[in-house]
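Structure first, commentary second.
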Amino acid sequence: MPDERHAPSAEDAIIEARRAKAAGMRARGENPFANDTGPRLGGHTGDIAQTRTTVDDARDEGGRYEESRVRALVGSEVFHVRGRIIALRSTGGLSFVRLRDRTGEIQLLVSEAALGADYARLAEFDVGDILEAEGELTASKRGELSITPRRVRLLTKALRPLPEKWHGLTDVEIRYRQRYVDLIANPPVADVFRARSHVVRATREILDEHGFLEVETPTMHTLIGGAAAKPFLTHHNALDMDLFMRIAPELYLKRLVVGGLERVYEIGRCYRNEGISTRHNPEFTILEFYQAYATYDDLIAFMESMLRGIDRRLAQAMPAAHATWAAARPFSLDHAFARVPMERAVAAAAERTAIPEWLGAIEDGGGSALVGVLKASFGEKIKDWAKSSPRAKSLDWSNFRKAFGKCDTDGERLFACYEFVAEPFLVDDYRTPDGKQSVPVFIKDYPIEVSPLARRNDARPEMTDRFEIFLAGRELGNGFSELNDPDDQAGRFRAQAERKARGDEEAMDYDADYIRALEHGMPPAAGFGMGIDRLVMALTNSASIRDVILFPLLRPEAGSGKSAP
38 MPDERHAPSA EDAIIEARRA KAAGMRARGE NPFANDTGPR LGGHTGDIAQ
88 TRTTVDDARD EGGRYEESRV RALVGSEVFH VRGRIIALRS TGGLSFVRLR
138 DRTGEIQLLV SEAALGADYA RLAEFDVGDI LEAEGELTAS KRGELSITPR
188 RVRLLTKALR PLPEKWHGLT DVEIRYRQRY VDLIANPPVA DVFRARSHVV
238 RATREILDEH GFLEVETPTM HTLIGGAAAK PFLTHHNALD MDLFMRIAPE
288 LYLKRLVVGG LERVYEIGRC YRNEGISTRH NPEFTILEFY QAYATYDDLI
338 AFMESMLRGI DRRLAQAMPA AHATWAAARP FSLDHAFARV PMERAVAAAA
388 ERTAIPEWLG AIEDGGGSAL VGVLKASFGE KIKDWAKSSP RAKSLDWSNF
438 RKAFGKCDTD GERLFACYEF VAEPFLVDDY RTPDGKQSVP VFIKDYPIEV
488 SPLARRNDAR PEMTDRFEIF LAGRELGNGF SELNDPDDQA GRFRAQAERK
538 ARGDEEAMDY DADYIRALEH GMPPAAGFGM GIDRLVMALT NSASIRDVIL
588 FPLLRPEAGS GKSAP
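Set out below in structure tokens:
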């Protein structure tokens, strides 16, 4: 009796049928995985978009191609194209094959009259196969630009079929795990990753134009530093030493500023051993740059200009896709970005809660005064406070109370107020003049306790010259005037070491070599770090960071093994 657990599936049967077709080709002396593509009938090889461009003027007012105008433009010129079959149907002696390459799609009108005996070979073709075709341009009766091939040849036999209903593939698990299928099934997905490439290129171009030097720094560190995050641990066998995958390149880049490379940047991978969400992936791409003789206010102005410049270059590179993204964006880059000190952001958000005790406090002492109110009566007042307004009711009171209770200083408490009272509502509170879109927001002037690498503010030493930029409600980047006082930095490192000793897994190590570098003298400087993934998410309206990372980290498939079958 056959074992039903190993009974062949419908997909297995399709794969075997396709293997049989490949075997038939080999039996005729043809390679179903060829690598000698090229024109054989004197045709001109070009991508599909180039082919279409040659007859742009052959369309009528409705965009339909007219056969007579196509013929008038190219005559009997022969065109040679390559691509993947994404649709295939036959009616008697005529077959319609839709071909796609990296630039677009085109239809092949394959006729038995033109191919003769070779027309029978089309029975060996399947959706997903990659082929080349050579012939003249024409227009179908429906006005679609087409090629009438005099030669069609299979280049790569696709043994595995595309998933059922692949034209509308929406299964997130399949899309992320089998990105190669996702790219075939969903052309807009490919547009997002093309956009990512253009965004990175534009970022480099803008920084290069402003005199920055691109550098590379280590991705394996002996110490934890540059950000508040839990690292991944690895081991070097030859040196028999543990190493940390970097959480940020910051401290190495600032060493270069000490060394006289006054404008440096790096675009590279970082790794943080943290949770996974729509905005977090353990492996991500970051931009960091540092500029001597600049302040955080200088970088705020530069970043506003830079983000507009990146988006403008993306629009030039991908006009059609960009127009679609821009029309659907919930934010605008065309209006002035908001610049809001953290205390003011807390005060403004607290005012919108309409909680009487809060209103009285912020009227007298601004955002910092809210800390005193919460220290005195957080627990017993929550139920009453939450009834004050729809905004008050929408606060995450439970987690707010927990976070506030873990704070040791008023600076940390102010930051907790910002995170729960102000940050979740930035998109609601900072809008374009017509109120239709949000604007990017620079939140500036952070407490020193949550900014261990930022320079103290001269007027208010309990605060730092630091900012974060938020776009569509998502933190996009972090910048500050750099701390170049080695004694102040050493004290901050010691405070971080104490936090680590108390169990804080995100605290930094004491980096003695970095202190030694600062003791050689670092010029006044400012630096900025930005998540490239999050920027691409915003510019392409992608809902999840996994939508902009080609191969996001996933759990292994159930039943998958490491050995070959």
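Numbering (my numbering), first residue to last: 38 to 602.
Here a beta-carbon is modelled for each residue, glycine too, at the ideal position from N, C-alpha and C.
Mapping DSSP to helix, strand and coil, what is residue i?
i    : result
P39  : The predicted position of P39 is uncertain, since its pLDDT is 47 and thus under 50; no value can be drawn from it.
G271 : Reading the sequence as shown, one finds Thr at residue 271 and not Gly. If DSSP states are grouped into helix, strand and coil, T271 belongs with the strands.
H359 : helix
N436 : helix
M278 : strand
Y547 : coil
P224 : helix
C454 : helix
A283 : It should be pointed out that residue 283 corresponds to Arg in this sequence rather than to Ala. Residue state, collapsed to three classes: coil.
V476 : coil
L324 : strand
S518 : strand
P319 : coil
K443 : coil
P427 : helix
T193 : strand
L576 : helix
Q533 : helix
R309 : coil
Y156 : helix
R511 : strand
S127 : strand
Q144 : strand
I392 : coil
G566 : strand
F249 : coil
With a threshold of 8 Å on Cβ separation, who are the neighbours of residue i within its own chain once the five nearest residues in sequence on each side are excluded?
i    : result
V115 : P76, L78, G79, G80, H81, E171, G172, E173, R187
R511 : R316, R571, M574, A575
E48  : R197, P198
Q526 : L490, L520, Y551, I552, L555
E311 : A266, K267, H317, P319
Compare the beta carbon distance of residue i and residue j with 9 Å and say whether it is the shorter of the two.
i    : j    : result
P470 : S431 : no
A232 : A358 : yes
D348 : L370 : yes
L191 : F230 : no
V237 : V301 : no
E67  : R119 : no
G567 : I485 : The amino acid occupying residue 567 in the given sequence is Met; Gly does not appear at that position. The answer is no: Cβ separation not under 9 Å.
A265 : M500 : no
R216 : R101 : no
D524 : L260 : no
F517 : Y333 : yes
E456 : A440 : yes
P268 : R241 : no
W422 : W395 : yes
Excluding five sequence neighbours on each side, which residues of the same chain lie with their C-beta closer than 6 Å to the C-beta of residue i?
i    : result
S183 : Q144, L146, T175, S177
G165 : A195, L199
R497 : none
G404 : E380, V383, A384
R350 : A239
E299 : A329
T256 : R283
F452 : P484, V487
Less than 8 Å between the CB atoms is what I'm expecting for residue i and residue j, so what's the real figure, rounded?
i    : j    : result
E104 : G130 : The pair is not a contact, with the Cβ atoms about 19 Å apart (cut-off 8 Å).
F281 : H258 : 5 Å
E73  : D138 : Residue identity differs from the one stated: residue 73 is Asp in this sequence, not Glu. 18 Å between Cβ atoms; not a contact.
R345 : Y551 : 34 Å between Cβ atoms; not a contact.
A406 : A398 : 4 Å
V295 : G558 : 7 Å
V218 : L206 : 7 Å
A59  : P69  : 4 Å
What residues in its chain sit with their C-beta under 7 Å from that of residue i, if we drop five residues either side in the sequence?
i    : result
L33  : Lying outside 38 to 602, the shown extent of the chain, residue 33 is not represented and no answer is given.
P39  : Caution is warranted here: a pLDDT of 47 is assigned to P39, below 50, making its placement in the model unreliable, and no coordinate value can be reported.
R509 : One detail in the question is off: residue 509 reads as Ala in this sequence, not Arg. Answer for A509: P367, F368, V464, S475, A575, listed in chain order.
L244 : Y302, F326
Give a yes or no on contact between the segment 528-542 and the segment 558-570, applying the rule of three or more CB pairs nearer than 8 Å. Of all C-beta pairs linking the segment 528-542 to the segment 558-570, fewer than three are shorter than 8 Å, placing the two stretches out of contact.
Using a Cβ distance threshold of 8 Å, determine whether the segment 471-479 contacts the segment 362-377, with at least three qualifying pairs required. Because the criterion of three Cβ pairs below 8 Å is met, the segment 471-479 and the segment 362-377 touch.
Hey, is the segment 532-541 in contact with the segment 575-593, meaning 3+ C-beta pairs nearer than 8 Å? Because the criterion of three Cβ pairs below 8 Å is not met, the segment 532-541 and the segment 575-593 do not touch.
Quick one: any contact between the segment 487-497 and the segment 379-399, if contact means 3 or more CB pairs under 8 Å? No: fewer than three Cβ pairs fall under 8 Å.
So, does the segment 279-294 touch the segment 304-311, judging by three or more C-beta pairs under 8 Å? Put simply, the segment 279-294 touches the segment 304-311. At least three CB pairs are less than 8 Å apart.
Are there three or more Cβ pairs, one per stretch, closer than 8 Å when the segment 214-231 is compared with the segment 326-334? Look at the beta carbons and you see the segment 214-231 not touching the segment 326-334: under three pairs across the two are nearer than 8 Å.
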